[in-house]
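Visitor:
4 protein chains.
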Amino acid sequence: MSFTQVEQISKTIDKISLANDNGGTENKVLVDLKNINGYNPGFQDSYPRESVPEHTRNRLEKYGIDLSRGYPERPENIPYYLDEGYAVRNRPNPNYVERGKNADPEKKALFSAAKEVKNLSTFIGTELVGVQLNDLNEKQLDELALLIAERVVVVFRNQDLSPQKHRDIGQYYGEVEVHPLVTHVPGLPGITTVWAEFNRGGPLLKYKKGLHQGWHTDLVHEFSPAGITHLHLDSIPVVGGDTSFASGYAAFDKLSKPLQQFLEGKFALNKSAHNYYNRDNILGGVEPIVRKHPLVITHPATGWKSLFVNRAHTIGIVGLEESESKVILEYLFDIYEKSLDNQVRISWQPTTSGLGTSVIWDNRISQHIAIPDYNDEITGKIRHANRVTSLGNVPEFDTNSKSQREALGLSI
Amino acid sequence: MSFTQVEQISKTIDKISLANDNGGTENKVLVDLKNINGYNPGFQDSYPRESVPEHTRNRLEKYGIDLSRGYPERPENIPYYLDEGYAVRNRPNPNYVERGKNADPEKKALFSAAKEVKNLSTFIGTELVGVQLNDLNEKQLDELALLIAERVVVVFRNQDLSPQKHRDIGQYYGEVEVHPLVTHVPGLPGITTVWAEFNRGGPLLKYKKGLHQGWHTDLVHEFSPAGITHLHLDSIPVVGGDTSFASGYAAFDKLSKPLQQFLEGKFALNKSAHNYYNRDNILGGVEPIVRKHPLVITHPATGWKSLFVNRAHTIGIVGLEESESKVILEYLFDIYEKSLDNQVRISWQPTTSGLGTSVIWDNRISQHIAIPDYNDEITGKIRHANRVTSLGNVPEFDTNSKSQREALGLSI
Amino acid sequence: MSFTQVEQISKTIDKISLANDNGGTENKVLVDLKNINGYNPGFQDSYPRESVPEHTRNRLEKYGIDLSRGYPERPENIPYYLDEGYAVRNRPNPNYVERGKNADPEKKALFSAAKEVKNLSTFIGTELVGVQLNDLNEKQLDELALLIAERVVVVFRNQDLSPQKHRDIGQYYGEVEVHPLVTHVPGLPGITTVWAEFNRGGPLLKYKKGLHQGWHTDLVHEFSPAGITHLHLDSIPVVGGDTSFASGYAAFDKLSKPLQQFLEGKFALNKSAHNYYNRDNILGGVEPIVRKHPLVITHPATGWKSLFVNRAHTIGIVGLEESESKVILEYLFDIYEKSLDNQVRISWQPTTSGLGTSVIWDNRISQHIAIPDYNDEITGKIRHANRVTSLGNVPEFDTNSKSQREALGLSI
Amino acid sequence: MSFTQVEQISKTIDKISLANDNGGTENKVLVDLKNINGYNPGFQDSYPRESVPEHTRNRLEKYGIDLSRGYPERPENIPYYLDEGYAVRNRPNPNYVERGKNADPEKKALFSAAKEVKNLSTFIGTELVGVQLNDLNEKQLDELALLIAERVVVVFRNQDLSPQKHRDIGQYYGEVEVHPLVTHVPGLPGITTVWAEFNRGGPLLKYKKGLHQGWHTDLVHEFSPAGITHLHLDSIPVVGGDTSFASGYAAFDKLSKPLQQFLEGKFALNKSAHNYYNRDNILGGVEPIVRKHPLVITHPATGWKSLFVNRAHTIGIVGLEESESKVILEYLFDIYEKSLDNQVRISWQPTTSGLGTSVIWDNRISQHIAIPDYNDEITGKIRHANRVTSLGNVPEFDTNSKSQREALGLSI
């Protein structure tokens, strides 16, 4: 039990009665799973239309979304049990195509549509100025997939993006993840809501003292974890709420050759953000889904090696003692989080007020963090985004692959 | 969830049926607390008489203990719920007398009974050679209490100790702790069983790779935590199974004056070794009892300051951020565990085979650890002990008290 | 000795001869301090005019700087000995005026000159769009001083800044630091050269694997450490070389009240980046200048408390044991370096090519780091800057001062 | 520079004069290496005969040692320069014979001479009761060598040991190390003095607050590092001054198989305890001798793998980044220092007053630490020992060798 109680499960259990039993009744308890919503935003009621930030409401309604029954929409058929959680997509992403592999390496179709191709740092992050995502064709989307694979994260400002196009682009890049617990745009499962005011239950984010870290990779507990991921902010505070991204290619290149070789071929356990009841041990407390993935993976489009761990979800290296695993993972997390030359910090500010900003990244080769200086007394509570996540391949390590610096012929 | 599963709760829940309810039955589950014994050695069946190690059996039966119905005995009326756990002795140790305060500071009655008074290290540990605990009178016990308060731990070898005298000495020093879950000598609650073969369920201790630490202080979750504690080994392996003790006085003296002042007057949260169900959140997993005690305490008999923390049970410093607390507690644990000049390592070997060894220490001013090189392929499984714990005062910090080195006029 | 030798002193000692002495000559060695330039860029030869990056050359020559004898210029009268190093400005900043205290809190004169006042994150960093530093009057400079004191760092792009104005603004804010070892613009001591190609001796920066950290505060070893500091980049790579800044106000606010109180009133030792010979122990290796400053300081203009430590230069907390100091400083460094809501990352890109970017910050209330993804195979070697540092007050802690969040009435 | 100055070099440089030179004299300094004795106990004057502890004096004079010119004796021809330090035994131990390989595995000759063979813990440490080292023949010494190789450390109490026999036993086990700087018994270089009162310059050991660690392995900077090492205490305080030993076999067995495989075949850098001037960089400060040895070695007599690192002297793993090396070595040091089941704590107390205690261990497969609770206000200053170190083989790793637990068929 954490003494700060930050993760304590909600206390709303509905104790109905004690049942009868031969050996006496005093030890039998009837519990109701339904009322336990501490970890289940899926249970949360939607907000009325009027509570939706203006720019968000305008965008969604412009594209025909019906907000009259509130926003966002809750998923149906919530899984309570761990086995139900595992059963969600317990198989490879079907018919997966790595779009970047089909792309023109020079990306002429995509780049010719841009007013400017602006690298945001030397090794990670590119902004495409003057491109509307709504307008991209499949050839351009293939090139964008390759650009993302190379630059990890790509920014598009001043977007007029429909939720339908948001979903369609995602679907083109792979099966769109539909979360069993998290809310979505009404009628469009897969377009997830990222909205602090709602997700945190209305109030401003509590200011956090102490050393809090939020670096993570999305959905690493999936059989086929998140690949290309598209977050669209349509309601953007004037200041605050940047997102930082870190490159897994560059994190891998920070390691010595012997440490790289030690990690290659090893597997890590990765847990889910949400928790479920263990049907065989209901009283044991909620548990996350845990899946095993290679610690070093090769991106199918670039062929570059990437370090596939993150502080939020990676809980152990298979085969090591727990104390060894802890020391080595802590080092790998710090390499990811403290090497600023491997990172880019992206402001969501549009240059044209009222339009949205899309950031598209590949979760297989990165970590990110939402910098928590929004949704407070200064910035207010307006920040709202939708996310569409395309699931990628089943993570693999290709022993013949190279690190980014090796492949680019850079000094090591 | 720990990926090593070392603390995973037992999976023997008895799911009887689903009950009926207006809103549908699918979310209601009837669970039976009784069958959950993962954390409850109280549920464990006793062993037959023949399985008890020979020396132990001889001693217990010599003093009239009936082993015909097995050994050890389980407690009755097991508490399942956290509130029941808290309710066990939720009040100060009644009529507590600090025996050491009444003692002759020169301890003439006690020392004159000893063949030799042998200090085992400069600052902690004394062996009294040639003394039988069975023979000590109250005047001598008072002096022993003071000796323990000063030297932290005192050793008596070649003991012929009756379980009854074991209990009586304990009762003289304070209310004897009767654990609601842990087994005891048949007919004598309060004489706790410390027996790896039984407590670990029979097999040899699994060899542990990795960095395992076992330093702890007993029963710090009590309202009045453990004071004078008397462990008697009556079945002793020829080699292995030493116990190391570390002095809280000396640990405090290792801190700089400013850090001492920072810690004085602060409180820490201390959890129990056993866990219980939270009646208001049964599905939240088991939880320990947690009690708040001063981080620096003053021993009533010596008036010396002692550092009252231990890695196994101290989970936070009140008022600090969790990240701050973690860093400072980790340092304090290491000061306790790594400062060998603050420690003594005690072998239980008797010089006369067949007799037992008693070690008596004060848990208020110490940590200890059983060194896990017994109960394996080399040593066999014979180690058995009984423990009697006298609860002490409610821990307090006296702002006018001194550190041990200050009080003794030693260089700082 | 570090096995990586990264800081090993240069090996160019000129051993002339052995001298004569009564007790035999074999142990006497004559050494020449002059040739030891490992730590002394002051000894470095300047580059020819043609090696200076084009934009830098154009700017400097436009404003009358004579580059015909090379660039940059070396200081004269290099100090070799520690006592000489200490003697440089071994007194408070003379006639210091805290300009921000005289400013209009609303900063109307300054803001009305700006096309836009753009906060770069909620708590740190502001860009003034459309302002030329060359044009600011004293009233505006006073307001700028206050803005810097509040926002920690202020950005001006598209600047046409003369070196003379650069120096004059610095002088207005306090005595301009003239470094005894570091090179400067010819004829203008105090306008320091920040030029990786030159400072690192010409080649590209070596790519660094491993966990390298570069967060620091400038010139904390001074009697009156650096206050307002103005870095002007006139030759800017197309990508790379961002600088991140972290707020000491916000770092202090991340600490719990008890830890804040523990640190307030304490002092830390802060060392210089350069090293000198100890006249009383020449063979003992070079040593830095070390000065004692409060660990928590109060900024004179805002009255807010700030955490005054940095990983590069703060070597200990006075009064603590070394092991305690290490643990606590490590935590404070991480709070500064890992709390992204306390940081801003600034790109130096101008929007008008050929013009420079000025970033002005207050070293008393911040740390910064140059992100090392410039000066490599991709970016080339063109990055060049000049820095003018105004020394501030002698750091003090005002027991009646408040933290930033307290003063602003924000939730804690 | 450490702000605590604990290791600051002595400040007794003899600055004679400035010499003449064409380019001006101001930068030339004549320094006298001879007077720099901070790191050179070799320069220390001996004490008069009367200051030698009584039991030590009696023993040495009984065996013909002349103390009339003081005690101990200083070495001649002190090396000042690093190259001179490296030149001391810069070659394998000549004609080395691993005595344990020739021994009867049952050790019948040795054991039959003992009253009792008493293992002190399950995996490390044996006491041979009733054996006089003075009396052992070569067959018994061979068996003792094997016993040490298996049990790491062996204790002999109540010894009447002559310094000559002390040296002869050492010489039988390998070339006796003669330290170029450390003092020895007059006329007997190689019989080193371990005497806190003298080595620390007379006063009581300063009490140390803070987290101080002293675990180390002797002489790992040698081409052929220390093998069998024999410390004989002839003046023993009544209490205090225990020595703890930790097994490198057992430390290796604590690592997971993958981590073992990562470390096998790698090399570490090991520095000397003493420092020397770098002839090519005299002003760079003193430097230790550094030698490269396998991180995992195989003991030639047992064929068991051992972890060959220690906190005091191992400064890096070859091929890793410094930050990686630091994290992994810190873990390995903690495994050695915190795993109490891998350790034994040995009291030097004789059972017959006036006789000495010998402890013989193998430095290739162990670390040890003198517990610093002697030489203080309570114990006085009488502790004195002599040490004879036999250099072993050049450390090697045999890829076909086994860990101790593997070889013994124990559970893993």
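Protein chains in written order, with UniProt numbering: chain R, 1 to 412; chain H, 1 to 412; chain C, 1 to 412; chain X, 1 to 412.
Idealized CB from N, CA, C, for every residue including glycine.
#1: Along the stretch 245–256 of chain X, where does the CB come closer than 8 Å to a CB of chain H? Name the residues.
#2: Sort C/359, C/301, C/290, C/106 by Cα distance to residue 368 of chain C and report the nearest one.
#3: Determine whether the Cβ of residue 292 of chain C lies closer than 7 Å to any Cβ atom of chain H.
#4: Are any of the Cβ atoms in chain X nearer than 7 Å to that of residue 223 of chain R?
#5: Residue 455 of chain X: buried (16+ other C-beta within 10 angstroms of its C-beta) or exposed?
#6: With 7 Å set as the bound, which would you pick, yes or no: does the beta-carbon of residue 259 of chain X sit closer than that to a beta-carbon of chain R?
#7: Helix, strand or coil for residue 231 of chain H per DSSP?
#8: Buried or exposed for residue 99 of chain C, please, with buried defined as at least 16 other CB atoms from any protein chain shown within 10 angstroms of its CB.
#9: Alpha carbon to alpha carbon, what distance is there between residue 70 of chain X and residue 364 of chain X?
#10: With distances taken from CA atoms, which of C/395, C/408, C/389, C/396 is nearest residue 193 of chain C?
#11: Which class does residue 248 of chain X belong to by DSSP, given the choice of helix, strand or coil?
#12: When burial is assigned at 16 or more other CB atoms within 10 Å of the CB, is residue 399 of chain R buried or exposed?
#13: Answer with yes or no whether the minimum CB distance from residue 209 of chain H to chain R is below 7 Å.
#14: Tell me whether the stretch 219–233 of chain C and the stretch 170–185 of chain C touch, counting them as touching only if at least three CB pairs, one residue from each stretch, are closer than 8 Å.
#15: Can you tell me whether residue 287 of chain H is buried or exposed, with buried defined as 16 or more other CB within 10 angstroms of its CB?
#16: Of the residues R/140, R/53, R/195, which one's Cα is nearest the Cα of residue 385 of chain R?
#17: Would you say residue 409 of chain X lies against chain C (beta-carbon separation less than 7 Å)?
#18: Apart from the five residues just before and just after residue 292 of chain H, which ones in its own chain have a Cβ nearer than 8 Å to its Cβ?
#19: Would the C-beta of residue 158 of chain X count as close to the ligand ADP, meaning under 6 Å from any of its heavy atoms?
#20: Restricting to Cα atoms, I'd like to know which of R/239, R/143, R/181, R/313 is closest to residue 381 of chain R.
#21: Pull up the distance between the alpha-carbon of residue 395 of chain C and that of residue 274 of chain R, whole angstroms please.
#22: Can you name, in chain order, every residue of its own chain whose Cβ lies under 7 Å from the Cβ of residue 226 of chain H, other than the five neighbours on each side?
#23: In this structure, does DSSP put residue 172 of chain X in helix, strand or coil?
#24: Report yes if the CB atom of residue 246 of chain H is closer than 7 Å to the CB atom of residue 307 of chain H, and no otherwise.
#25: Could you give the residue range of the beta strand (DSSP E) that holds residue 292 of chain C?
#26: State yes or no: is the C-beta of residue 387 of chain H within less than 7 Å of the C-beta of residue 141 of chain H?
#27: Grouping DSSP H, G and I as helix and E and B as strand, with all else coil, what is residue 340 of chain R?
#28: Is there at least one Cβ from chain X nearer than 7 Å to residue 285 of chain C's Cβ?
#29: Can you have a look at residue 90 of chain X and say buried or exposed, based on whether 16 or more other CB atoms are within 10 angstroms of its CB?
#30: Excluding sequence positions up to five away, which residues of its chain have a Cβ less than 6 Å from the Cβ of residue 297 of chain X?
#31: Pick from X/402, X/261, X/158, X/347: whose alpha carbon is nearest that of residue 301 of chain X?
#32: Excluding sequence positions up to five away, which residues of its chain have a Cβ less than 7 Å from the Cβ of residue 150 of chain X?
#33: By Cβ distance, which residues of its chain are closer than 8 Å to residue 198 of chain H, with the 5 residues on each side in sequence left out?
#34: Is there at least one Cβ from chain X nearer than 7 Å to residue 323 of chain C's Cβ?
#35: On a CA-only basis, which of H/170, H/139, H/156 is nearest residue 132 of chain H? Give me that one, please.
#36: Does DSSP classify residue 105 of chain X as helix, strand or coil?
Guide: Taking the structure as given:
#1: Listed by position, the residues of the stretch 245–256 of chain X near chain H (Cβ gap below 8 Å) are 253, 254, 255, 256.
#2: Here residue 368 of chain C refers to the residue found at position 368 when the third sequence is read from its first residue. Nearest of C/359, C/301, C/290, C/106 to residue 368 of chain C, Cα basis: C/359.
#3: Within the third sequence, the letter at position 292 stands for residue 292 of chain C. Among the residues facing chain H, residue 292 of chain C is not included, as its CB has no counterpart in that chain under 7 Å away.
#4: Within the first sequence, the letter at position 223 stands for residue 223 of chain R. Taking Cβ atoms only, chain X never reaches closer than 7 Å to residue 223 of chain R, which makes this a no.
#5: With chain X covering only 1 through 412, there is no way to say anything about residue 455 of chain X.
#6: Mapped onto the fourth sequence, residue 259 of chain X falls at position 259. It does: the Cβ of residue 259 of chain X has a partner Cβ on chain R nearer than 7 Å.
#7: As a first step, residue 231 of chain H is located in the second sequence; it is residue number 231 there, counting from the start. Under the three-state reduction of DSSP, residue 231 of chain H is assigned to strand.
#8: Position 99 of the third sequence, counted from the first residue, corresponds to residue 99 of chain C. Per the 10 Å Cβ criterion, buried.
#9: Locating residue 364 of chain X in the fourth sequence gives position 364, where the first residue counts as 1. Locating residue 70 of chain X in the fourth sequence gives position 70, where the first residue counts as 1. If you take the alpha carbons of residue 364 of chain X and residue 70 of chain X, they lie about 34 Å apart.
#10: On the third sequence, position 193 is the one that residue 193 of chain C refers to. The shortest Cα separation from residue 193 of chain C among C/395, C/408, C/389, C/396 belongs to C/389.
#11: On the fourth sequence, position 248 is the one that residue 248 of chain X refers to. If DSSP states are grouped into helix, strand and coil, residue 248 of chain X belongs with the helices.
#12: Position 399 of the first sequence, counting from 1, holds the residue named residue 399 of chain R. Exposed.
#13: One-based indexing of the second sequence puts residue 209 of chain H at position 209. Under the 7 Å criterion on CB atoms, residue 209 of chain H is classed as interfacial with respect to chain R.
#14: Per the Cβ contact rule, the stretch 219–233 of chain C is in contact with the stretch 170–185 of chain C (3 or more Cβ pairs under 8 Å).
#15: What you label residue 287 of chain H is simply residue 287 of the second sequence in a count that begins at 1. With at least 16 other beta carbons inside 10 angstroms of its own, residue 287 of chain H counts as buried.
#16: Counted from its first residue, the first sequence places residue 385 of chain R at position 385. The candidate whose alpha carbon is nearest that of residue 385 of chain R is R/195.
#17: Here residue 409 of chain X refers to the residue found at position 409 when the fourth sequence is read from its first residue. Contact of residue 409 of chain X with chain C is not assigned, every C-beta pair being separated by 7 Å or more.
#18: By 1-based counting over the second sequence, the position of residue 292 of chain H is 292. These residues qualify, in order along the chain: 267, 268, 269, 270, 318.
#19: Summarising the ligand content, the structure contains no ligands, and the ligand ADP is consequently not present.
#20: Translated into positions along the first sequence, residue 381 of chain R becomes position 381. Just measuring C-alpha positions, the residue of R/239, R/143, R/181, R/313 sitting nearest residue 381 of chain R is R/239.
#21: The residue labelled residue 395 of chain C in the question sits at position 395 within the third sequence. The residue labelled residue 274 of chain R in the question sits at position 274 within the first sequence. Taking the straight line from one Cα to the other gives about 48 Å.
#22: Counted from its first residue, the second sequence places residue 226 of chain H at position 226. Result list for residue 226 of chain H: 177, 218, 219, 363, 389, 391, 392, in chain order.
#23: By 1-based counting over the fourth sequence, the position of residue 172 of chain X is 172. Under the three-state reduction of DSSP, residue 172 of chain X is assigned to helix.
#24: Numbered from 1 along the second sequence, position 246 holds the residue referred to as residue 246 of chain H. Numbered from 1 along the second sequence, position 307 holds the residue referred to as residue 307 of chain H. In this structure, residue 307 of chain H does not lie closer than 7 Å to residue 246 of chain H by Cβ.
#25: For the purposes of this step, residue 292 of chain C is taken as the residue at position 292 of the third sequence. Here the beta strand (DSSP E) through residue 292 of chain C covers 287–294.
#26: Looking up residue 387 of chain H in the second sequence gives position 387. Looking up residue 141 of chain H in the second sequence gives position 141. No.
#27: Reading the first sequence from its first residue, position 340 is the one you call residue 340 of chain R. If DSSP states are grouped into helix, strand and coil, residue 340 of chain R belongs with the helices.
#28: By 1-based counting over the third sequence, the position of residue 285 of chain C is 285. True, the Cβ-Cβ gap to chain X drops below 7 Å.
#29: As a first step, residue 90 of chain X must be located in the fourth sequence, where it is residue number 90. Under this definition residue 90 of chain X is an exposed residue.
#30: By 1-based counting over the fourth sequence, the position of residue 297 of chain X is 297. Hits under 6 Å: 306, 308, 395, 397.
#31: Numbered from 1 along the fourth sequence, position 301 holds the residue referred to as residue 301 of chain X. Residue 301 of chain X has its Cα closest to that of X/402, out of X/402, X/261, X/158, X/347.
#32: Along the fourth sequence, one-based indexing puts residue 150 of chain X at 150. By the criterion of a C-beta distance shorter than 7 Å, residue 150 of chain X is surrounded in its chain by 302, once the five residues flanking it on both sides are discounted.
#33: Position 198 of the second sequence holds residue 198 of chain H. The residues are 44, 47, 72, 183.
#34: Taking the first residue of the third sequence as position 1, residue 323 of chain C is located at position 323. Yes, its Cβ sits closer than 7 Å to a Cβ of chain X.
#35: Numbered from its first residue, the second sequence carries residue 132 of chain H at position 132. The shortest C-alpha to C-alpha distance from residue 132 of chain H to any of H/170, H/139, H/156 is the one to H/156.
#36: Within the fourth sequence, numbered from 1, the residue matching residue 105 of chain X stands at position 105. Residue state for residue 105 of chain X is assigned as coil, using DSSP reduced to three classes.
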